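Heads up, the sequence shown is in this note's numbering, so the first residue is 1 and it goes up one at a time.
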Amino acid sequence: MKVLLAISGGIAAYKCPELVRQLRKGGHEVQCALSKAATRLVSVHALAAVSSNPVHESLWASDGSMPHIDLPRWCDVFLLAPATADCMAKCALGLADDLITTAFLALEPEKKLLVAPAMNNVMWNKSIVQTHVQTLSQSGAQIIDPVSGELACGEEGIGAMADPSHIAELVSGL
């Protein structure tokens, strides 16, 4: 399968090179799209190396192409991981101001959509975040629930992105 890995700006973005490696190990072709914040958390060069594809960072391509249209048409699976509260809210509400959210809106309904949230446990438990998760789920997204553990802030609780090997197994099972 062709997987578009949309990486939003959560600290769990550091797990994405391993996620790409696991997806490739499962026989999938992977292209990565990063939010502006994600570029501060994970190396574009590392993602390009493990995916063997260019990494997309902007709505605006220098060659005149439209990655926000081309990428969702190319993929079989749109995988939003990590999915921050901000990115999920924008997607749930149809707000599109960057590559990931515009690509999300351009995703055709027959394509598979997986969302792997990652955030602080207090944020995860907010009713508004849960409302956005429900909206995405009702719109056809498969939610890969975050797991309990030590979070980047040092707290313990539910909010860590699921393990990359687990996410890759779910993609392979589609």
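Ideal Cβ positions, reconstructed from N, Cα and C, are used throughout, including at glycine.
These numbers come from a predicted model, not from an experiment.
In DSSP terms, what residue i is bridged to
i: Glu150; result: Glu156
i: Cys75; result: The partner list for Cys75 (beta bridge, DSSP) is empty, contrary to what the question assumes.
i: Ala6; result: Ala33, Leu80
i: Ile143; result: Val115
Cβ-based neighbour list, residue i, same chain, cut-off 8 Å, excluding 5 preceding and 5 following
i: Ala118; result: Gly10, Ile11, Ala12, Ala81, Pro82, Ala83, Thr84, Pro146, Gly159, Ala160, Met161
i: Pro54; result: Gln31, Ala48
i: Glu108; result: Pro72, Arg73
i: Val42; result: Ile7, Ala13, Tyr14, Cys16, Pro17, Leu34
i: Arg40; result: Gly9
Neighbourhood of residue i by C-beta, 6 Å cutoff - its chain only, sequence neighbours within 5 removed
i: Ser127; result: none
i: His28; result: Met1, Val3
i: Cys87; result: Ser8
i: Leu174; result: Lys112
Sub-8 Å separation of residue i and residue j beta-carbons
i: Asp76; j: Lys15; result: no
i: Leu136; j: Val115; result: yes
i: Leu5; j: Leu59; result: no
i: Ala152; j: Gln22; result: no
i: Gly149; j: Leu113; result: no
i: Pro17; j: Val44; result: no
i: His56; j: Ala33; result: yes
i: Lys111; j: Pro72; result: yes
i: Asn125; j: Glu155; result: no
i: Asp98; j: Ser35; result: yes
i: Thr102; j: Cys91; result: no
i: Ala106; j: His68; result: yes
i: Gly26; j: Val171; result: yes
Host alpha helix (DSSP H) of residue i (start-end)
i: Val20; result: 16-25
i: Lys90; result: 85-93
i: Asn121; result: 121-124
i: Val133; result: 127-138
i: Ser165; result: 164-172
i: Ala106; result: 99-106
Endpoints, beta strand (DSSP E) assigned at residue i
i: Leu54; result: At residue 54 the sequence reads Pro, which differs from the Leu that was named. Element bounds for Pro54: n/a, residue is neither H nor E.
i: Pro117; result: 112-117
Own chain partners of residue i with C-beta closer than 7 Å, once the 5 adjacent residues on each side are dropped
i: Ala46; result: Pro17
i: Ala61; result: Pro67
i: Val122; result: none
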